[in-house]
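Data block below; observations after.
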Amino acid sequence: MSNSIRFSRRRFLGQIGTAAAVAPFFTRHLLSAPPSGIVRHASFGAAGMAGADIGELTSNKFVKLVAVADVDLNRTADIRKNFPDTRIYQDWRELLDKEAKNLDSVNVSTPDHMHAPIGMSALQLGKAVYGQKPLTHDIYETRRLTEMAREKKVPTQMGIQIHSTREYRLAVKLIQDGIIGKVKRVHTFSNKKWGDNSPRPDRSDPVPTGFDWNLWLGVMADRPFIGGGYYHPSNWRKRLDFGTGTFGDMGCHIYDPVFKALALTAPLSVRSEGPTPGEYNWGINAIIHYTFPGTAYTAGDTVQVTWYDGDARPPEEVKALLEGDDVPGQGSILIGTKGVMLLPHIASPQLYPDAQYRDFKAPEVETANHWTQFAEAVRDNGKPWANWDYAGPLTEAVLLGGVATRFPNITLDWDAPNLRFPNVVDANAFVKRRYRAGWEVKGL
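The sequence shown lines up with residues 88 to 531 when you count with the working numbering.
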């Protein structure tokens, strides 16, 4: 690539940075919202992503952390140190039972399999919910939480924080402004490997002091505890019963700007051409093709979006559209009738061919702190950008990919209104699962 082309791309990115610098940090609605008192908040989860959510939410002086629940009391040290007045529980059900009258909002930042039970229980008490991605472990759960949030009329937000940043919001605006024309094809990818090709260890390890394995299992069937980080605190993402693989973990992030920019709805079909999961674990190197109905921003009656993870990547002819630039580890390539957009995760969009866009001036975009936006909405009953009317359908679409990997090289037609696969009856068993006895949750 010539120096002049490299320079022009730098100038384009510089223009993006300038636009962001003059954009308001919060939306006008949030700036003008009158103060309405303290937001009394509880967190389900104390460390890891939960710790990050707590830190971001309580950076707002009007948010008070009232209570925290974590099945591993060893992970509550920072809470005890930084929030000495906060009440700590090990059982999330006890927290809701004892603290419901003291709460306005919660964040659910647990392993995926407990998102729906906790989120639904909080919604039924009328609490605003910040739910980590994916919204739930299974498609049926997502639909029910979306419906309940709508029924209760409480603010909700999913933890796809990049949704509120200038990088993704600018990409959405450029697509909807027609800068690369109508979109013909999309390729999305992540080099993460939240899967495991090895068998599950055949052993039972002692449960660490302060960790309640039964509470951690929650709605899932009992089984021996395996130590060494096999499940807790993060490798649960690789396990079929508890996580949603690379696609569930990163798909909600990376599909988000594509879903938003193209105004996508439920897909018509999904097809996996990658490896199947094992008996207990998700696979690696997935390739999943979605066919969505066309929209005002697409070139045809349908548009295909393909996901790749692990070592899988878009084909060489797609990479060639980037004019010698490297394909980032994670992101999307959107191919339009006039040009191409590369949207790295997380960086500013780049447009190709470079010569065509070297003098392009990027528009200004609004941006917001994703967590503050939620907290402000709790104060004035507003509607955050990643509310569940948006994030629910996004999550449903993403979770369809996991089901498809169980039926390789078969196109699964999707009947979204009825939450079923009409042409592959066996696939319907993975839309909704049964909770273990004693852990049933009303509404799920």
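We put the CB at the ideal spot given by N, CA and C, even for glycine.
Quiz item: Looking at C-alpha atoms only, which residue of Tyr439, Pro431, Gly397 is the closest neighbour of Gly411?
Solution: For this step, residue 411 is matched to residue 324 along the sequence shown. The residue with the shortest Cα to Cα distance from Gly411 is Tyr439.
Exercise. Jot down the residue ranges of each uninterrupted alpha helix (DSSP H) in the stretch 348 to 411, minimum 4 residues, whole runs only, in chain order.
Key: 403 to 406
Quiz item: Going by other Cβ atoms of all chains shown within 10 Å of its Cβ, with 16 needed for buried, is Glu527 buried or exposed?
Solution: The sequence position of residue 527 within the sequence shown is 440, counting from 1. Glu527 should be labelled exposed.
Exercise. May I ask you to list the residues that DSSP assigns as paired with Asn194?
Key: For the purposes of this step, residue 194 is taken as residue 107 along the sequence shown, with counting starting at 1. The partner list for Asn194 (beta bridge, DSSP) reads Ser130, Tyr217.
Quiz item: Going by the beta-carbon positions, is the gap between Ala203 and Thr223 smaller than 7 Å?
Solution: Here residue 203 corresponds to residue number 116 of the sequence shown, with the count starting at 1. Here residue 223 corresponds to residue number 136 of the sequence shown, with the count starting at 1. In this structure, Thr223 lies closer than 7 Å to Ala203 by Cβ.
Quiz prompt | Inter-residue spacing [alpha-carbon to alpha-carbon] between Asn515 and Ser321 | solution = Start at 1 with the first residue of the sequence shown, and residue 515 comes out as number 428. Start at 1 with the first residue of the sequence shown, and residue 321 comes out as number 234. When rounded, the distance between both Cα atoms is 28 Å.
Quiz item: Using a Cβ-Cβ cut-off of 7 Å (strictly less than) and excluding sequence neighbours within five positions of Gly297, which residues of its own chain qualify?
Solution: Here residue 297 is taken as the residue at index 210 of the sequence shown, counted from 1. If we look at Gly297 and ignore the five residues flanking it on each side, its Cβ neighbours are Asp159, Leu160, Asn161.
Practice problem: With hydrogens ignored, establish whether the beta-carbon of Gly397 is closer than 6 Å to any heavy atom of the ligand GTP. | Solution: Among the components modelled here there is no ligand, and therefore nothing to report on the ligand GTP.
Exercise. Using a threshold of 7 Å, state whether the C-beta atoms of His200 and Met307 are closer than that.
Key: Locating residue 200 in the sequence shown gives position 113, where the first residue counts as 1. Locating residue 307 in the sequence shown gives position 220, where the first residue counts as 1. Closer than 7 Å, so yes.
Quiz item: Can Ile375 and Gly488 be called in contact, C-beta distance under 7 Å?
Solution: As a working mapping, residue 375 is identified with position 288 in the sequence shown. As a working mapping, residue 488 is identified with position 401 in the sequence shown. Closer than 7 Å, so yes.
Quiz prompt | Coil, strand or helix - Arg466 by DSSP | solution = What you label residue 466 is simply residue 379 of the sequence shown in a count that begins at 1. Of the three classes helix, strand and coil, the one that applies to Arg466 here is helix, per DSSP.
Self-check item: Option in Ile497, Trp281, Ile249, Asn368 with minimal Cα separation from Arg358
Solution: The sequence position of residue 358 within the sequence shown is 271, counting from 1. Closest by alpha carbon: Ile497.
Quiz item: From Val452 to Gly418, what distance separates their C-alpha atoms?
Solution: Position 365 of the sequence shown, counted from the start, is the residue given in the question as residue 452. Position 331 of the sequence shown, counted from the start, is the residue given in the question as residue 418. Each residue's Cα considered, the two are about 20 Å apart.
Exercise. List the DSSP bridge partners of Lys151.
Key: Residue 151 sits at position 64 when you count from the first residue of the sequence shown. Bridge partners of Lys151: Arg127.
Quiz prompt | Short Cβ contact (7 Å threshold) for Val273 with Thr385 | solution = Sequence index remark: in the sequence shown, residue 273 carries index 186 (1-based). Sequence index remark: in the sequence shown, residue 385 carries index 298 (1-based). Contact flag unset, no.
Self-check item: DSSP state of Asp309 mapped onto helix, strand, coil
Solution: Within the sequence shown, the letter at position 222 stands for residue 309. Looking at Asp309 - three-state DSSP - the assignment turns out to be coil, as it is neither helix nor strand.
Quiz item: Going straight from the alpha carbon of Gly33 to that of Lys220, what length do you get?
Solution: The shown model of the chain, from 88 to 531, leaves out residue 33, and the question about it has no answer.
Quiz item: Looking at the structure shown, is Ile267 part of a helix, part of a strand, or coil, going by DSSP?
Solution: The residue you call residue 267 lines up with position 180 of the sequence shown. DSSP places Ile267 in coil when its eight states are reduced to three.
Quiz item: By Cβ distance, which residues of its chain are closer than 7 Å to Leu327, with the 5 residues on each side in sequence left out?
Solution: As a position in the sequence shown, residue 327 is number 240, starting the count at 1. Around Leu327: Pro364, Tyr367, Asn368, Trp369.
Quiz item: Is the shortest distance between the beta-carbon of Ile497 and the beta-carbons of chain D less than 7 Å?
Solution: Any reference to chain D falls outside this structure, which holds one protein chain only.
Quiz item: What's the call for Ile341, buried or exposed, on a 16-neighbour Cβ count within 10 Å?
Solution: Within the sequence shown, numbered from 1, the residue matching residue 341 stands at position 254. Label assigned to Ile341: buried.
Quiz item: To which residues does DSSP link Arg231 through a beta bridge?
Solution: In the sequence shown, counting from the first residue as 1, residue 231 sits at position 144. Arg231 is not bridged to any residue.
Quiz item: Is Ala258 closer than 7 Å to Pro401 when the C-beta atoms are compared?
Solution: Residue 401 sits at position 314 when you count from the first residue of the sequence shown. Residue 258 sits at position 171 when you count from the first residue of the sequence shown. It is not a contact, given that the beta carbons lie outside the stated cut-off.
Quiz prompt | Cβ-Cβ distance between Leu421 and Thr382 below 7 Å | solution = Within the sequence shown, the letter at position 334 stands for residue 421. Within the sequence shown, the letter at position 295 stands for residue 382. Against a cut-off of 7 Å, the Cβ pair of Thr382 and Leu421 comes out as no contact.
Self-check item: Residue of Glu483, Pro450, Asp343 minimising C-alpha distance to Ile249
Solution: Position 162 of the sequence shown, counting from 1, holds the residue named residue 249. The shortest Cα separation from Ile249 among Glu483, Pro450, Asp343 belongs to Asp343.
Quiz item: At which residue ranges does the stretch 415 to 476 contain complete beta strand (DSSP E) runs of 3 or more residues, listed in the order of the chain?
Solution: 417 to 423, 427 to 431, 437 to 439
Quiz item: Between which two residues does the beta strand (DSSP E) harbouring Thr243 extend?
Solution: Reading the sequence shown from its first residue, position 156 is the one you call residue 243. Per DSSP, Thr243 belongs to the beta strand (DSSP E) from 243 to 245.
Practice problem: Compute the Euclidean distance between the alpha carbons of Leu351 and Asp289, then round it to the nearest angstrom. | Solution: Within the sequence shown, numbered from 1, the residue matching residue 351 stands at position 264. Within the sequence shown, numbered from 1, the residue matching residue 289 stands at position 202. So the alpha carbons of these two residues sit roughly 44 Å apart.
Exercise. Can you have a look at Val512 and say buried or exposed, based on whether 16 or more other CB atoms are within 10 angstroms of its CB?
Key: Within the sequence shown, numbered from 1, the residue matching residue 512 stands at position 425. Under this definition Val512 is an exposed residue.
Quiz item: With distances taken between CB atoms, is the gap from Ser251 to Trp472 smaller than 7 Å?
Solution: Within the sequence shown, numbered from 1, the residue matching residue 251 stands at position 164. Within the sequence shown, numbered from 1, the residue matching residue 472 stands at position 385. It is a contact, given that the beta carbons lie within the stated cut-off.
Practice problem: With a cut-off of 8 Å on the beta carbons, I'd call Gly530 and Met235 a contact; round off their distance for me. | Solution: For the purposes of this step, residue 530 is taken as the residue at position 443 of the sequence shown. For the purposes of this step, residue 235 is taken as the residue at position 148 of the sequence shown. Indeed they touch by this definition, with Cβ atoms about 6 Å apart.
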